[in-house]
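In the UniProt record's numbering, the protein residues as written are 1 to 141. We treat Cβ as the ideally placed atom computed from N, Cα and C, and that holds for glycine. No experiment lies behind these values; they were computed from the predicted model shown.
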């Protein structure tokens with residue numbers, strides 16, 4: 001099946017539309033039509049077999065951005081950068097394993113951790129070292 005976009009209808013859930021891989025979407029006289037290049041079509045439809053999956057069924061499986069597309073790869077690169085940044089903020093103050101239940105205390109721990117990370121980056125910049133950014137001890141030693 002080939003990704004054909006998101007179908008949005010009034011008073012309906014958004015759906016991911018998948019087409020037969022042998023159908024081609026073209027515009028003729030300002031209208032979108034489908035051309036099926038198949039000797040034995042599996043359906044009588046002029047665009048071949050169509051599968052529409054509601055997105056709200058399973059958000060992990062049915063993503064609005066198709067997997068292995070250029071947009072998916074770009075978003076995934078940004079996601080990994082964000083995950084690494086979150087790890088670098090949580091790691092110096094051991095916020096991964098907190099036992100705090102008070103949100104004010106947790107926010108203050110997070111702010112202190114971000115300040116610590118910023119100080120570490122300033123020290124590494126002044127020493128012109130780009131290694132050991134997670135630990136001040138390794139950076140200074």
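Item: Residues that DSSP places opposite residue 35 in a beta bridge; Value: 24
Item: Where residue 77 sits in the DSSP three-state scheme; Value: helix
Item: Proximity below 9 Å, CB of residue 46 to CB of residue 33; Value: yes
Item: Residue 16 versus residue 48 - alpha carbon distance; Value: 16 Å
Item: Local Cβ density within 10 Å of residue 19, reported as buried at 16 or more and exposed below that; Value: buried
Item: Selected residue, minimal CA-CA separation from residue 65, among 126, 10, 14; Value: 14
Item: Beta bridge counterpart(s) of residue 52 as assigned by DSSP; Value: 17
Item: Length of the line joining the Cα atoms of residue 117 and residue 81; Value: 16 Å
Item: Those residues which DSSP pairs with residue 6 across a bridge; Value: 16
Item: Extent of the continuous alpha helix (DSSP H) to which residue 109 belongs; Value: 103 to 127
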